[in-house]
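Working notes, structure below.
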Amino acid sequence: MSRKAKTHFLFGCAAIAALALSGVHGFAQNNNLIANNTPGFIRKAVDQGAVDLSNIIAVTVWLKMHNQNQLDNLVQQQRQKGSTKYQQWITQDQFNTSYAPTAQEVNAVENFLTSHNLSVISVAENNMFVKVQGTVGDIAKAFHVSIHSFNLNGSTYRSNTGDPSVNESSGGHVAAITGMDDYGFQPALAWPTDPNGVAFPATPLSSKPNGLFFKGQCLRGVQTVTFHAGSTTAIYTGNRYGSDITSGFGHFPPCGYSPSELQTAYNMNPLYSAGLNGAGQTIVIVDAFGSPTIQQDAQLFSEIYGLPLPNLQIMKAQGLNQNPHGANWAGETTLDVEWAHAMAPGATLLWFWLRTAPRSMRPSTTPWCIISATPFPTAGPASKAWEIRHSWIG
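The numbering used here puts the first residue of the sequence shown at 15, with every later residue one more than the last.
In structure tokens, the structure reads:
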């Protein structure tokens, strides 16, 4: 098991943020443009006009960090073998002192927001953001934007149509603003279908296959297949990939691995024999939107594959809000939890359920680790975690 300090993850995220945010500057005093803050998806969507100005939404205002060049240099040294600072991680308090926004800066931003009829919901412990809510009309007026409804691939989303700006000196502290749109990032999850695009029905697990769902060998031997269509004949010769689509238990298409196969591939069995199976360790898994059946799913997964029942604890972010576009995240959550347990069957799993998710078209000035950030618990099981995992495709 990896024994990286929790501060390593938080610090790494902050360092990426420092790099990404370093190019954001107001273009003139009292007229601070927050550049690269317009979602890219609207270029492919159909504009359906302005959103009802009386709708209530929440937005998050992210503040710039300090000493970003120094932070960049420190991160490079921490990653460079031979450096005196190699893997010398700093604590959260040290990071806050040297790099986080000050209390005066966050107060200035709060005052600006409340002066525009916006109510403060929360402020980050390290002053990295202020979350507020208000009407679409007040938010649009505060940041000099129009917020419209857009249709993309049959789904409706809201979004600002241009970059926001802050006509006050406090705008110089602002790095990005999120929440004016609700375009949720979707996992790359696809169900198998027949040639007509119809999904195959799910196979019930009333009978236990003893873990033999798939064949681990994906490529079959060389075959020659002949197809006839009228007067046309086509002959193909080569290795076939995966099982036939009509195959059943033990040969579900296309192919896949069981926990024992991955444990063997990564040479984990000698570690397990030595008692190193994750016992005494906590793995934090960070996912958005979550899965309502994860406890039952993880238990059944363990029973089928002969694993010990998982010690799975669930924490939900404060103010958790189910995004209507986040349903497909249940499969992503299940994958993360079950396979973390498969590789470290003795570890405690702490699944941290976020209230939002990174999206594929966030402003380039704001990295995903800040966008999806939720004040992370510093007490309880999470404080003992050596490993923090965040699912991400990008």
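Note that the Cβ used here is the ideal one computed from N, Cα and C, for glycine as well. None of these values were measured; they are calculated from a predicted model.
Practice task
Taking 8 Å as the cut-off, decide whether the C-beta atoms of Ile153 and Val73 are in contact.
Solution key: Reading the sequence shown from its first residue, position 139 is the one you call residue 153. Reading the sequence shown from its first residue, position 59 is the one you call residue 73. Cβ atoms of Ile153 and Val73: closer than 8 Å.
Exercise for the section: With DSSP as the reference, label Lys99 as helix, strand or coil. Expected result: Translated into positions along the sequence shown, residue 99 becomes position 85. Three-state result, Lys99: coil.
Problem - C-alpha distance - Asn283 paired with Asp350, whole-angstrom precision - result: As a working note, residue 283 is residue 269 in the sequence shown. As a working note, residue 350 is residue 336 in the sequence shown. Spanning the two alpha carbons is a distance of roughly 21 Å.
Problem - Lys78 versus Phe315 - alpha carbon distance - result: Numbered from 1 along the sequence shown, position 64 holds the residue referred to as residue 78. Numbered from 1 along the sequence shown, position 301 holds the residue referred to as residue 315. Distance between the alpha carbons of Lys78 and Phe315: 44 Å.
Handout entry: CB of Ile48 within 8 Å of CB of Gln147, strictly
Key = Your numbering for residue 48 matches position 34 in the sequence shown. Your numbering for residue 147 matches position 133 in the sequence shown. Contact flag unset, no.
Problem - Enclosing alpha helix (DSSP H) for Thr260 [first to last residue] - result: Translated into positions along the sequence shown, residue 260 becomes position 246. No alpha helix (DSSP H) contains Thr260, which DSSP labels as neither H nor E.
Practice task
Determine contact between the stretch 169-189 and the stretch 49-56, defined as no fewer than three beta-carbon pairs at a distance below 8 Å.
Solution key: yes
Exercise for the section: Would you mind stating whether Asn291 and Pro359 have Cβ atoms separated by less than 8 Å? Expected result: Here residue 291 refers to the residue found at position 277 of the sequence shown. Here residue 359 refers to the residue found at position 345 of the sequence shown. Yes. Within cutoff.
Exercise for the section: Could you say which of Asn140, Leu326 and Gly252 lies nearest to His80 if we only look at CA atoms? Expected result: Position 66 of the sequence shown, counted from the start, is the residue given in the question as residue 80. Looking at the Cα atoms, Asn140 is the closest of the given residues.
Exercise for the section: With DSSP collapsed to three states, give me the class of His158. Expected result: As a first step, residue 158 is located in the sequence shown; it is residue number 144 there, counting from the start. Coil.
Exercise for the section: In the DSSP assignment, find the unbroken beta strand (DSSP E) run with Arg234 in it and report its ends. Expected result: Residue 234 sits at position 220 when you count from the first residue of the sequence shown. Leu233 to Ala243 is the span of the beta strand (DSSP E), which, as asked, contains Arg234.
Practice task
May I ask you to list the residues that DSSP assigns as paired with Gln147?
Solution key: Working through the sequence shown from its first residue, we reach residue 147 at position 133. Beta-bridge pairing links Gln147 to Ala72 and Ser133.
Practice task
State buried or exposed for Ser184, treating a residue as buried only when at least 16 other CB atoms are found within 10 Å of its CB.
Solution key: Taking the sequence shown and counting its residues from 1, the one referred to as residue 184 is at position 170. Buried, because 16 or more other Cβ atoms sit within 10 Å of the Cβ of Ser184.
Handout entry: Top-ranked residue by Cα proximity to Gln118, from Thr105, Thr98, Met142 and Ile104
Key = Position 104 of the sequence shown, counted from the start, is the residue given in the question as residue 118. Taking only the C-alpha atoms, the option nearest Gln118 is Met142.
Problem - Beta-carbon spacing of Leu321, Ala356 below 8 Å - result: For the purposes of this step, residue 321 is taken as the residue at position 307 of the sequence shown. For the purposes of this step, residue 356 is taken as the residue at position 342 of the sequence shown. A contact, by the Cβ cut-off of 8 Å.
Handout entry: Where Asp152 sits in the DSSP three-state scheme
Key = In the sequence shown, residue 152 corresponds to position 138, counting from 1. The answer is helix: DSSP assigns Asp152 an H, G or I state.
Practice task
Can you give me the Cβ contacts of Gln94 inside the same chain, cut-off strictly under 7 Å, excluding the 5 residues immediately before and after it?
Solution key: Counting from 1 along the sequence shown, the entry for residue 94 is found at position 80. Closer than 7 Å at Cβ, skipping near neighbours: Tyr100.
Exercise for the section: Report back the beta-carbon spacing between Tyr250 and Val239 to the nearest angstrom; my notes put them in contact at under 8 Å. Expected result: The residue you call residue 250 lines up with position 236 of the sequence shown. The residue you call residue 239 lines up with position 225 of the sequence shown. Tyr250 to Val239, Cβ: 5 Å. Contact.
Exercise for the section: Please classify Thr296: does DSSP put it in a helix, a strand, or coil? Expected result: Here residue 296 refers to the residue found at position 282 of the sequence shown. Thr296: strand per DSSP, three-state reduction.
Problem - C-beta atoms of Asn165 and Gln62 nearer than 8 Å - result: Against the sequence shown, residue 165 aligns to sequence position 151. Against the sequence shown, residue 62 aligns to sequence position 48. In contact: Asn165 and Gln62 (Cβ atoms closer than 8 Å).
Practice task
Return the CA-CA distance between Trp103 and Pro115, expressed in angstroms with no decimal places.
Solution key: As a position in the sequence shown, residue 103 is number 89, starting the count at 1. As a position in the sequence shown, residue 115 is number 101, starting the count at 1. The alpha-carbon atoms of Trp103 and Pro115 are separated by roughly 20 Å.
Exercise for the section: Measure from the C-beta of Arg57 to each C-beta in chain B and report whether the shortest distance is under 8 Å. Expected result: As a matter of chain content, chain B is missing from the structure shown, which is built from one protein chain.
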